[in-house]
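With the first letter of the sequence shown counted as 1, position 236 gets the number 1251 in the working numbering; the numbers rise by one all the way through. All C-beta atoms, glycine included, are put in the ideal place defined by N, C-alpha and C. All values derive from a computational prediction rather than experimental measurement.
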Amino acid sequence: MNRPGNRLVVVSNRVPAPSAAGAQVGGLAVALQSLMQQRGGLWFGWSGKISDSTSLRMIEDGAVRYATTDLTAEEHDGFYNEFSNATLWPLLHSMPELMTYDRRNAQVYREVNDRFADKLTPLLREGDMIWVHDYHLCALPAGLRSRGATGPIGFFLHIPFPGPDLLAKVPEATNLVRDLLAADLIGFQTENDARNFADAAVRLAGAEPAGGSFVLVAGRRVRIGAFPVGIEPQEFADTAHNAWEGASAQRLRRSLSGQALVLGVDRLDPTKGLMQRFSGFRRLLERSPDWRRRVTLLQIAAESRTDVAAYRDLRQAMEQEAGNINSGYAEPDWTPLRLIARAVPRDTIAGYMREARVGLVTPLRDGMNLVAKEYIAAQNPENPGVLILSRFAGAAEQLTSALLVNPYDADELADSLEQALTMDLAERQDRWQQSWGAIKDSSAVGWGRTFVAGLLRTTAPKRAMSGGEPATPHAGRESFASGVVRHL
Ligand code: ADP
Ligand code: F6P
């Protein structure tokens, strides 16, 4: 239900509007969709289309009003492909070796942020809370303020945030940190990310520590906190339960002829550690011939950002390596690695996850990683599979009973695969119970409500609140990175 007086206005580059182009794969769309459907409000962003039209497209769907705009070919290239995904994405994931930089693209990024601010401003009304998402829109909080927005503005970064030394590799980063500080509440996936941002705010952008989780910027108090994003665990568990009995999962099961299934589900992205994952699997087959014919790796990697060179190169490299592994180890009646380079429907994925003896979630760096949580939710509590999880995913802070690995270490991956494939039922149940305990009471909707409530609280002394945010029984975890700023 939309509450008059404090309408929620979500702004993100990717908008899952009913007419938006492209599959809605990715953490942001998955996390926000249920919140918006329940709460209602305005969702503003890119239509997913490329054209010369700069007009807004308005679509109503239940309580949600979507306002989207196309990008021009030049904007799509400079803003989305280049500065967002070839500069900021690798930088913020601490992978500067993948980063490309061109000042002209930084300019296009700023122009698109300005255009978004121009288009959104006339749609705003008194009492709106604006919640801006992700690295595509770092300049937007300042852009909205300079166009007169006085209401609460929150920002949430879905991906990691590195330390200030790394950040300085991109000349515009300092200004982007300043632009973000125009928001009232700035949220991150982990305490570490929040701490890194607070550090950058003070060291690069002239903010002053103001006690606890606050910094002071030109007389304004800005709050910095960690809000780990969740999934809808019970809903996903039910979907997995039903899909496991469905035709797709049955076909997969038949095709395995009793072999153990190891499953990877990701966007096809250089941060997901897919090549390193293949190396770990190869190492297992190489050094433990016993596993040949007894295990199959199914990697589902949804094509993503195909205009960015690093993504195209990765697809080629993966196909080549999958071919090498198969030609080196396959038998007439066994193919060790199956690779699918496209998105698969969500319920089908859930059924596959329940079938998988091992969930392999090994990003080199990841803000949170919802797939790890989905894998846990999908398991049969009587006979659960084992999650192998990268230490460098935000989810590892919560899923500490998974087998935690360094994804760069092929031997550690192979060790963990063996450990998972041979783990007895009691240990599998024990580990799963702990992981389920860590995620079962949080939810995507709770995460959103907790952030919104935090935003209202942060701004309450300054602005009259018109209607409070109700407490939710399944609130996401909120932590205002206590002492984040004090220790700088
Ligand atoms: P990211 O936000 O980097 O894409 P997350 O793991 O946080 O990573 O979120 C990915 C979301 O997209 C999950 O809900 C996952 O189930 C979904 N997804 C990822 N890959 C695929 C795929 N190949 N097919 C279908 N859904 C996918
Ligand atoms: O979680 C990171 C993220 O960039 C999300 O913002 C987005 O939903 C997802 O990855 C998919 O990326 P894209 O919008 O570029 O397809």
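Is DSSP giving residue i helix, strand or coil here?
| i | result |
| --- | --- |
| Y1423 | coil |
| N1028 | strand |
| A1258 | helix |
| Q1291 | helix |
| R1218 | helix |
| R1075 | Here residue 1075 turns out to be Glu, not Arg, going by the sequence shown. The answer is strand: DSSP assigns E1075 an E or B state. |
| E1112 | helix |
| P1179 | helix |
| G1461 | helix |
| R1405 | Residue identity check: residue 1405 is Ser in the sequence provided, not Arg. Strand. |
| D1208 | helix |
| R1282 | strand |
| L1414 | coil |
| L1436 | helix |
| A1479 | Low per-residue confidence applies at A1479: pLDDT is 39, beneath 50, and the placement is therefore not dependable, though the value from the model is reported in the following sentence. Coil. |
| G1202 | strand |
In its own chain, which residues sit with a C-beta less than 7 Å from the C-beta of residue i, not counting the 5 before and 5 after it?
| i | result |
| --- | --- |
| D1076 | P1033 |
| R1218 | P1179 |
| N1395 | R1369 |
| H1108 | I1174, P1175, T1286, R1380 |
| A1356 | L1283, A1316, E1318, R1330 |
| L1023 | R1054, G1056, M1144, W1146, V1467 |
Leaving out five residues before and five after residue i in sequence, what residues of the same chain have Cβ atoms less than 6 Å from its Cβ?
| i | result |
| --- | --- |
| A1429 | G1295, R1298, L1299 |
| R1193 | A1220 |
| T1254 | D1362, A1365 |
| Y1009 | The requested residue 1009 does not occur in the structure, where the chain is confined to residues 1016 to 1503. |
| N1120 | G1093, E1097, F1098 |
| H1151 | N1028, S1099 |
The ligand F6P and residue i: does the residue's C-beta get closer than 7 Å to at least one heavy atom of that ligand?
| i | result |
| --- | --- |
| N1028 | yes |
| D1445 | no |
| L1043 | yes |
| S1319 | yes |
| G1169 | no |
| G1523 | With the chain covering 1016 to 1503 only, the question about residue 1523 has no answer from this structure. |
| R1282 | yes |
DSSP beta-bridge partners for residue i?
| i | result |
| --- | --- |
| P1243 | DSSP, once it has assigned bridges, lists no residue as partnering P1243. |
| P1033 | According to DSSP, which records beta bridges pairwise, P1033 is partnered with nothing at all. |
| R1236 | L1231 |
| T1311 | L1276 |
| S1070 | Beta-bridge pairing links S1070 to no other residue. |
| G1056 | V1079 |
| T1084 | W1061, L1071 |
| I1454 | Answer is none; I1454 lacks a bridge partner. |
| I1145 | V1024, I1168 |
| V1323 | Bridge partners of V1323: none, in fact. |
| G1374 | L1278, L1402 |
| A1316 | D1281 |
Only counting the same chain, and skipping five residues up and downstream in sequence, which positions put a Cβ closer than 8 Å to that of residue i?
| i | result |
| --- | --- |
| T1415 | Q1449, A1453 |
| R1302 | A1429 |
| S1070 | T1084 |
Could you check if residue i belongs to the surroundings of the ligand ADP, using beta carbon to heavy atom distance under 7 Å?
| i | result |
| --- | --- |
| V1277 | no |
| H1148 | no |
| H1108 | no |
| A1032 | no |
| M1438 | no |
| E1247 | no |
| H1173 | yes |
| A1358 | yes |
| A1316 | yes |
| D1362 | no |
| V1386 | yes |
| E1223 | no |
| E1250 | no |
| E1334 | no |
| E1206 | no |
| E1370 | no |
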